[in-house]
Every structure is written in C-alpha cells, then in structure tokens.
Amino acid sequence: MGRITLEGVQKSFGPVHIIKGADLDIADGSFVVFVGPSGCGKTTLLRLIAGLEDVSDGKILIDGKNVVNVPPAKRGLSMVFQSYALYPHMSVRGNIAFGLKMAGLPKDEINRKVEAAAATLNLTPYLDRKPRELSGGQRQRVAIGRAIVREPKAFLFDEPLSNLDAALRVQMRLEVTRLQKQLGTTAIYVTHDQVEAMTMADKIVVLNGGKIEQYGSPIELYQKPANLFVAGFIGSPKMNFITGPDAAQRGAATIGVRPEHLNIVGDGQGWPGKVMVAEHLGSDTFLYVDTGAVGTLTVRCAGEKGVQPGDQIALQPDPNRIYRFDGSGNAIAA
Ligand code: ATP
0 MGRITLEGVQ
10 KSFGPVHIIK
20 GADLDIADGS
30 FVVFVGPSGC
40 GKTTLLRLIA
50 GLEDVSDGKI
60 LIDGKNVVNV
70 PPAKRGLSMV
80 FQSYALYPHM
90 SVRGNIAFGL
100 KMAGLPKDEI
110 NRKVEAAAAT
120 LNLTPYLDRK
130 PRELSGGQRQ
140 RVAIGRAIVR
150 EPKAFLFDEP
160 LSNLDAALRV
170 QMRLEVTRLQ
180 KQLGTTAIYV
190 THDQVEAMTM
200 ADKIVVLNGG
210 KIEQYGSPIE
220 LYQKPANLFV
230 AGFIGSPKMN
240 FITGPDAAQR
250 GAATIGVRPE
260 HLNIVGDGQG
270 WPGKVMVAEH
280 LGSDTFLYVD
290 TGAVGTLTVR
300 CAGEKGVQPG
310 DQIALQPDPN
320 RIYRFDGSGN
330 AIAA
C-alpha cells in the first residue's frame with residue numbers, strides 16, 4: 000500500500016516561506032506529477048515527503064500514519080534523482096544490490112531481486128559493466144532498478160529524465176510509465192515539463208509560488224483550468240488571453256482561447272489580423288497573428304495551411320471552447 004496524504008504542509012527556510020499550506024491525497028498505485036515553473040517548490044515538496052527536509056507545520060501521512068518524525072530510511076519510499084547518483088566503482092549489479100546488502104538480506108535473495116529488476120529494465124546484458132560504460136538512459140535505468148528492488152511503498156522521481164536528449168527522454172518517459180503500471184507502485188514525479196506531466200500522470204499537481212493551484216487529471220486541467228495560471232501553464236502552444244470589451248461582452252474580465260480552437264474564417268467575420276510568423280511543421284501550422292484589437296494571437300491549424308507572413312486573415316474562436324475568468328483570475332463556471 001502507498002497512499003500519501005498531505006495536510007496543511009508548510010515549509011520555511013529561515014524567514015522565507017516556501018510551501019504555503021499543501022493539502023493533497025495521493026491514491027495508492029497512482030502516478031502523480033508535480034509540475035510548475037522553476038522555483039515554485041516542487042523539489043522541496045518531494046523532499047518533505049521523502050523526509051530529506053523537515054516540515055515547518057502540517058502532517059504527512061503514509062497509509063494513514065503521520066511520518067513527519069520518521070527518518071527517511073524508515074518511510075518505505077525510494078527516490079530517483081536527475082543525477083542518477085550511481086557508485087562509479089561498482090558494477091550495475093553492485094549498484095542495484097547496494098541497498099539490499101546494507102539491509103543485510105541473504106545473498107540468494109539479493110541475486111534473485113537484482114536479476115528480476117534487471118530483466119524488467121532490459122539491463123541483463125549490462126549487469127557486469129561499470130556506470131561509465133553505459134549510456135545516459137541505461138544509467139537512469141540502473142538508478143530506477145536500485146529503487147525497484149527495495150519494493151517501496153512509493154517511488155519519488157526528481158526530474159529523472161532531464162539529463163537525457165530529446166529522443167531518449169520520450170523513450171524513457173514511455174518506459175517509466177509502463178513500469179509504474181506494471182508494478183502498481185505509487186509514484187510521485189517532479190518535472191517542469193508540462194508535456195511530460197500531461198503524458199505520464201494519472202493526476203497532476205500544478206504548483207505556483209509554493210501553492211497548489213489545481214490537482215486533477217491531465218484532461219480536467221486542460222478542459223477545466225481553475226484559474227488563469229493553470230490555463231496558461233497547461234497546453235502548448237499557450238492559451239491566448241483577451242481582455243477589454245471582447246471579454247466584457249462575454250461577462251468576463253479575461254477570456255482564454257486555445258490556439259487549436261481558433262479558426263480561420265472569411266472576410267468580414269471574427270478578428271482581422273496580419274500573419275507575423277508562420278511555422279510549418281507539416282503535421283500542424285502555427286501562426287502568430289497581430290490583430291491590433293485583441294493583441295497577438297497564436298493559432299494552431301491541423302496540417303499544412305499555405306499561409307505566409309504578411310497575409311491578412313480573420314480568426315474566430317470556437318464558441319464552445321471559450322474560457323472565462325473573473326477579475327481575480329478564477330474560472331467562471333460555464
Ligand atoms: P526547479 O524546477 O528550478 O528545480 P523547484 O520548483 O523544484 O524548482 P525548489 O527547489 O523546491 O523549486 O525551490 C523552491 C524555493 O525554495 C526556491 O526559491 C529555492 O531558492 C528555495 N530553497 C530551496 N531549498 C532551499 C534551502 N535549503 N534554503 C533556502 N532556500 C531554499
């Protein structure tokens with residue numbers, strides 16, 4: 000079991016208040032991603048759960064038991080870091096086995112567990128190699144193997160893929176997701192990459208300035224962002240925000256339209272504007288259009304549109320996909 004609950008968790012470093020009251024219920028077996036801009040407190044929140052930092056106030060419950068005074072090694076959690084933190088002089092086998100050896104497990108049992116983890120992670124051919132003889136992706140798999148053999152209640156991942164190149168990141172993203180589903184172990188995963196968050200998570204925690212802005216499934220956050228921050232953070236390219244008379248007309252201080260919900264329409268309709276930049280990706284065309292009246296709008300069209308910079312076009316939002324926000328930036332219910 001690995002249910003993790005936070006109740007009013009606060010953290011200050013000296014006079015600086017970093018985590019400003021976090022309440023969260025992470026179901027056993029779920030994959031939860033902490034996402035948010037640099038410095039918002041993702042790593043701090045993860046380290047509080049791991050026990051690597053002490054809470055200033057509040058409770059952290061693991062399967063119903065408050066662990067704020069329990070040392071990290073006794074919380075039953077395994078952490079995987081961005082830096083891998085492998086022992087360079089030990090083989091892959093030695094690295095994966097290390098924690099089990101320290102715990103004094105019998106040799107046969109250690110071998111069995113190490114070999115099972117290596118098989119799951121496609122590391123069997125590399126068991127006798129040293130970390131320097133491995134690729135970045137293989138090294139990260141060794142770090143994950145070391146976490147798996149401890150059979151933790153939860154895995155805590157701190158940006159584990161950010162040292163890898165783009166193609167390997169995508170591959171490892173799929174592998175980590177598949178592995179977590181196969182093992183059924185609760186996972187908390189920190190990233191600043193919203194695509195990673197959207198593709199890996201059962202539920203996402205969006206953090207901003209030490210506060211949880213929203214906790215929900217990727218599609219909930221995309222379809223029903225609670226406020227302007229979440230609306231602007233989730234989705235790529237970013238949502239367009241429009242204020243002034245066009246928003247007031249729809250009973251809002253700000254309206255939001257995602258680039259994929261703007262359509263190119265004929266003359267005399269919608270917002271007229273001039274194409275400033277056109278990005279042709281083949282699968283999609285991204286247009287940056289200066290409308291004057293409602294500012295620059297980003298448009299995402301499926302396929303190739305044959306539009307060029309300097310072209311005059313008009314844009315209309317899908318009327319069912321307009322997000323409305325009040326003067327405090329909170330979403331107005333549809
Ligand atoms: P990033 O994506 O850049 O890693 P993050 O969201 O993980 O950011 P944290 O590392 O949790 O952010 O840091 C949150 C804030 O707390 C930052 O302003 C950071 O400077 C501050 N902070 C973190 N650790 C300490 C510390 N030990 N002492 C003082 N301030 C700290």
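For what it's worth, numbering that gives the first Met the number 0 labels the leading residue of the sequence shown as 0, then goes sequentially.
We put the CB at the ideal spot given by N, CA and C, even for glycine.
Residue state for Ala-165 is assigned as helix, using DSSP reduced to three classes. In this structure the segment 300–320 lies against the segment 261–270, because at least three pairs of beta carbons, one per stretch, are closer than 8 angstroms.
Ala-246 and Phe-228 have their C-alpha atoms some 17 angstroms from each other.
In this structure, the alpha-carbon of Val-15 lies about 24 angstroms from that of Pro-71.
Considering only His-279, Asn-262, Leu-206 and Ala-225, the residue with the shortest C-alpha distance to Lys-19 is Leu-206.
Across the set Thr-4, Gly-215 and Asp-22, the C-alpha of Thr-4 shows the shortest separation from the C-alpha of Lys-64.
A straight line joining the alpha-carbon of Glu-132 with that of Leu-163 spans about 16 angstroms. Near the ligand ATP, meaning a Cβ closer than 5 angstroms to any of its heavy atoms, lie the following residues in chain order: Phe-12, Ile-17, Ser-37, Gly-38, Cys-39, Gly-40, Lys-41, Thr-42, Thr-43 and His-191. Taking the CA atoms as reference points, Gly-234 sits about 11 angstroms from Asp-192. The alpha helix (DSSP H) runs of length 4 or more contained entirely in the segment 39–102 are, from start to end of the chain, 41–49 and 91–101. Exposed is the label assigned to Thr-295, since fewer than 16 other Cβ atoms lie within 10 Å of its Cβ.
Within a 10 Å sphere around the beta-carbon of Lys-41 sit 16 or more other beta-carbons, which makes this residue buried. A contact is defined here as three or more CB-CB pairs under 8 angstroms, and the segment 179–190 meets this definition with respect to the segment 18–34. Inclusion of Ala-153 and Leu-47 in the CB contact set at 8 angstroms is not warranted, their separation being larger than that value. Going by beta carbons, Asn-239 and Val-264 fall outside the 8 angstroms limit.
When the five nearest sequence neighbours on each side are left out, the beta carbons in the same chain lying within less than 7 angstroms of the beta carbon of Ile-321 are those of Arg-249, Ile-254 and Val-256, in order along the chain.
Counting other Cβ atoms within 10 Å of its Cβ, Ile-143 reaches 16 or more and is therefore classed as buried.
Contact between Leu-120 and Ala-49 does not hold, since their C-beta atoms are separated by about 22 angstroms, which reaches or exceeds 8 angstroms.
Spanning the alpha carbons of Gly-57 and Lys-10 requires a straight line of approximately 9 angstroms. When DSSP states are grouped into helix, strand and coil, Val-306 belongs to the coil group.
Gln-307 places its beta carbon less than 8 angstroms from that of Val-274.
Annotation for Pro-244: no beta strand (DSSP E) segment contains it, though the alpha helix (DSSP H) segment containing it runs 244–247. The three-state reading of DSSP puts Arg-299 in strand, counting E and B together. Inclusion of Val-79 and Ala-116 in the CB contact set at 8 angstroms is not warranted, their separation being larger than that value. With contacts defined by Cβ atoms closer than 8 angstroms, Glu-158 and Thr-190 form a contacting pair. In the three-state scheme derived from DSSP, where H, G and I count as helix and E and B as strand, Thr-185 is classed as strand. Look at Pro-124 here: in three-state DSSP terms it is helix. In this structure, the straight-line span from the alpha carbon of Arg-128 to that of Gln-170 is close to 22 angstroms.
In its chain, beyond the 5 residues on either side, Lys-223, Pro-224, Ala-225, Asn-226, Ala-230, Tyr-322, Arg-323 and Phe-324 have a beta carbon closer than 8 angstroms to the beta carbon of Ala-330.
In terms of Cα proximity to Leu-261, the closest of Ile-17, Val-276 and Tyr-287 is Tyr-287.
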